[in-house]
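Residue numbers (our numbering), protein chains in the order written: chain A, 36 to 316; chain B, 19 to 275.
Cβ atoms here follow ideal geometry from the backbone N, Cα and C, with glycine treated the same way.
A quick write-up on the structure given underneath.
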Amino acid sequence: MQAREIAAAKTALDQPGAPIVLFDHVQLAFDERVVLRDMSFTLLKGHTKIILGASGSGKSTALKIITGLLKSDAGVVWVNGQRVDQLGEREMMSVRADLGMIFQEGALFDSLTVRENVGYKLYEETDMPVDEVDRRVAEVLGFIGLAEQVDKMPSELSGGQRRRVAIARAMAFKPTILLYDEATTGLDPITAITVDDEIVKLRDLEGVSSIVVTHQLRDAFYVATHMAVRAADGTVRIVDATPEKEREAEFIMLREGVIVFEGDADSLRRSADPYIQTFLS
Amino acid sequence: MLSLFERWAKSAALEVQEYVRLTMAAFRGIVTPPFYRHDIVEQFDIIGVGSLTVVLLSGLFTGAALAAQSGMTLDQFGARPVVGRLVSASMIKELGPVLTALMLTGRIGSGIAAELGSMMVTDQINALRALGTDPVRKLVVPRILAGIFMTPVLTVIADAVGITGGWVVARYQLQVNSGLYWSSVVKGLYLQDVWVGLIKPFVFGFIIVTVACHVGLRTSGGTAGVGRSTTLSVVAGSVAVIAADYFVMQILIALLY
Ligand SMILES: Nc1ncnc2c1ncn2[C@@H]1O[C@H](COP(=O)(O)OP(=O)(O)O)[C@@H](O)[C@H]1O
Ligand SMILES: [Mg+2]
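If you want it as structure tokens, here you go:
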């Protein structure tokens, strides 16, 4: 490709609404067990993709393919303008610089403090001066409301706090894409909403493109139908989403590695498919 | 029947392949940046300083038992005064390296397998990768470096306390004159033996740590899987150490003697 074309492609990809994650007929099997049969979808910049599905339907696997932690057997995967299904582990590192992943169980480093967890990438993998990293860690923990927990160990935190630390760790290096793997599963409704609010805030205030994996409909709809606005005095409020904003959140329903539904919140509610109806009720 | 064997052979081959791949990646990690200095220092402390008590105790009693037992045998030939020679030769060439390595397999190997295994099943290894860190460089390389450098050091310490333990028994139980014991200890030592005593633990340290890292990083199946990996690392590590002892000895005999 000519340098000019690459530059043009880069500008095109930087526009809001450009595709940022793309799955094209992705397949993956572990030995004989087919986990993703044929998965295609596109996430647009600044939008939200909500992946629903029973456990074992392949949701975590799809996210791990995006981060390159697993390689698909067939199909094409684009992330941020790079074709990741063919990249080796070393080349993958540059793609991961723009990807934040919140793992299903948090996956916090249990030998490190909250501060070291949240600042991990900045401390270990960048040249950023330590006091600057400390500032960023404090800022991020402030954002998710855990400023006092900075010197605790992960084992001393509650489940909801651990999820929020995991979000803080994923957002600390300012990635443009965040992947949430059941960030609210197992949390009480009140705590779950605080986590959902973080997802909404990151999307609407920091311009993050997000993929939200969940099997809890309440959280899925909450993220799709709310938006964060910053008032003139700087305070942030979560309000009902405008219809345009609501259309920027798209649902995908996975069933045994196949997409059985794709569309916005409204069409999901109206869907007549019996499987979806069972899932919704 | 055949298919069962085939399946076993296939998985064994895969296991060896993965092990070789891990050690190659670790070698690359040892000679090329980035290095995680903090982790390297930490592992030297955990593996080296942390194993001191275990090694001191096992070394001391091995030497003492060796002296008591060989004193009895030597009496049959009226050769009790040369007990020091037997203690030092056995300690330095064989028992010091092997017993230290077996103690370290129990202490270090199991610890590494359990730690890496639980990081594996809780997705912490994946989290490292997602955050841009190569787990081999961050976790495996520091442990290998600490293993190959600290095992010889610990072995020398075990040899020294073992020979001292032998002296206690020789002096107070066998009534051998101290001067006689120590001169016999020195006489029993050839330069080749010292080399053998230093090269073996180097190899053992490498084996213990790489086997444990390999087993740990291949853990799957939740907490039960971590338990299996821990056991496997001790069993496989011990067998590998004893087998390597034989083969290394053969090579060294051909090269040195
Ligand atoms: N590393 C693996 N090895 C073998 N099977 C796996 C592995 N990871 C996931 N699976 C299987 O793939 C299926 C989908 O898993 P996953 O993507 O975690 O589902 P979900 O996140 O939707 O609950 C499950 O049946 C699981 O057992
Ligand atoms: Mg999952």
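Find the nearest neighbour of residue i within the set the options, judged by alpha-carbon distance.
i: A:L240; options: A:A263, A:T83, A:I246, A:L289; result: A:A263
i: A:I137; options: B:Y190, B:M138, B:A148; result: B:A148
i: B:Q191; options: B:A31, B:Y54, B:Q35, B:A82; result: B:A82
i: B:R56; options: A:G242, A:Y158, A:A284; result: Note on identity: in this sequence residue 56 of chain B is His, with Arg being the wrong assignment. Nearest C-alpha to B:H56: A:Y158.
i: B:A86; options: B:G255, B:R236, B:I181, B:A230; result: B:I181
i: A:Y215; options: A:T46, A:I86, A:Y155; result: A:I86
i: A:D66; options: A:F76, A:S107, A:G88; result: A:S107
i: B:N144; options: A:A43, A:Y155, A:T102; result: A:T102
i: A:G180; options: A:D268, A:F296, A:T229; result: A:T229
i: A:V111; options: A:L104, A:Q62, A:M128; result: A:Q62
i: B:V49; options: B:G89, B:V154, B:L74, B:S69; result: B:V154
i: B:F8; options: B:P115, B:L235, B:G184, B:L40; result: Only positions 19 to 275 of chain B appear in this structure, which leaves residue 8 of chain B out of reach.
i: B:G66; options: B:A97, B:S106, B:T118; result: B:T118
i: A:V114; options: A:S244, A:F256, A:V293; result: A:S244
i: B:M42; options: B:T91, B:T228, B:V212, B:M168; result: B:T228
i: B:L274; options: B:T241, B:M168, B:V214, B:S251; result: B:V214
i: B:F79; options: B:L22, B:V179, B:I64, B:G197; result: B:V179
i: B:L113; options: B:K218, B:C231, B:V34; result: B:K218
i: B:F53; options: B:Q94, B:E24, B:T151; result: B:T151
i: B:Q210; options: B:K156, B:A272, B:C231, B:L134; result: B:A272
i: B:V72; options: B:G183, B:M121, B:R39, B:D63; result: B:M121
i: A:V31; options: A:S306, A:Q117, A:V69, A:D232; result: This structure leaves residue 31 of chain A out entirely; chain A is present only between 36 and 316.
i: A:D299; options: A:Y310, A:D133, A:E285; result: A:E285
i: A:G91; options: A:A276, A:V271, A:R272, A:T249; result: A:T249
i: A:V235; options: A:I225, A:D275, A:V70; result: A:D275
How would you list, in chain order, the residues of chain A whose beta-carbon sits under 7 angstroms from the beta-carbon of residue i?
i: B:T151; result: E159, E160
Any beta carbon from chain A within less than 8 angstroms of residue i's own beta carbon?
i: B:D141; result: yes
i: B:N144; result: yes
Check whether the Cβ of residue i lies closer than 8 angstroms to any Cβ atom in chain B.
i: A:T220; result: no
i: A:E151; result: no
i: A:F296; result: no
i: A:K156; result: yes
Using a C-beta to C-beta distance shorter than 7 angstroms, which residues of chain B count as neighbours of residue i?
i: A:T229; result: In chain order: nothing, as chain B lies at least about 22 angstroms away.
i: A:T102; result: A148
i: A:M128; result: G150
i: A:M136; result: A148
Mind pulling the chain B residues with CB within less than 8 angstroms of residue i?
i: A:R131; result: R147, A148, L149, G150
i: A:E2; result: Chain A is shown from 36 up to 316; residue 2 of chain A falls before or after that span and cannot be answered.
Can you pull the chain B residues whose beta carbon is under 9 angstroms from the beta carbon of residue i, in chain order?
i: A:F144; result: M137, Q142, A145, L146
Between residue i and ligand 4, is the CB less than 7 angstroms from at least one heavy atom?
i: B:G234; result: Ligand 4 is not part of this structure, which contains only ligand 1 and ligand 2.
Practice prompt. Would you check if there are 3 or more beta carbon pairs closer than 8 angstroms linking the segment 117-136 of chain A to the segment 123-136 of chain B?
Written response: No: the two stretches stay apart, fewer than three of their Cβ pairs being nearer than 8 angstroms.
Discussion item. Any residue with its Cβ nearer than 7 angstroms to a heavy atom of ligand 2 should be included. What is that list in chain order?
Written reply: A:S90, A:K94, A:S95, A:Q139, A:D216, A:E217, A:V248
Worksheet item: Any contact of the segment 149-161 of chain B with the segment 53-67 of chain B, i.e. 3+ C-beta pairs under 8 angstroms?
Response: yes
Practice prompt. Mind the definition here: the segment 96-112 of chain B touches the segment 183-203 of chain B only if three or more C-beta pairs lie below 8 angstroms; say whether that holds.
Written response: At 8 angstroms Cβ cutoff, the stretches touch.
Worksheet item: How about the segment 78-93 of chain A and the segment 46-59 of chain A: do they share at least three Cβ pairs that are nearer than 8 angstroms?
Response: yes
Worksheet item: Are there three or more Cβ pairs, one per stretch, closer than 8 angstroms when the segment 166-179 of chain B is compared with the segment 133-150 of chain A?
Response: no
Item to complete: Say whether the segment 127-136 of chain A touches the segment 20-33 of chain B, bearing in mind that this needs 3 or more beta-carbon pairs closer than 8 angstroms, one atom from each stretch.
Response: no
Fill in: Inter-stretch contact (C-beta, 8 angstroms, three-pair minimum) for the segment 247-264 of chain B and the segment 206-226 of chain B
Output reads yes: the segment 206-226 of chain B touches the segment 247-264 of chain B.
Worksheet item: Taking contact to mean at least 3 C-beta pairs separated by less than 8 angstroms, is the segment 242-262 of chain B in contact with the segment 194-210 of chain B?
Response: no
Worksheet item: Taking one C-beta from the segment 93-100 of chain A and one from the segment 257-271 of chain A each time, how about it: are there three or more such pairs within less than 8 angstroms?
Response: no
Worksheet entry | Sufficient close CB pairs (3 or more, under 8 angstroms) joining the segment 157-171 of chain A to the segment 203-212 of chain A | Below 8 angstroms, enough C-beta pairs join the segment 157-171 of chain A and the segment 203-212 of chain A to call them touching: three or more.
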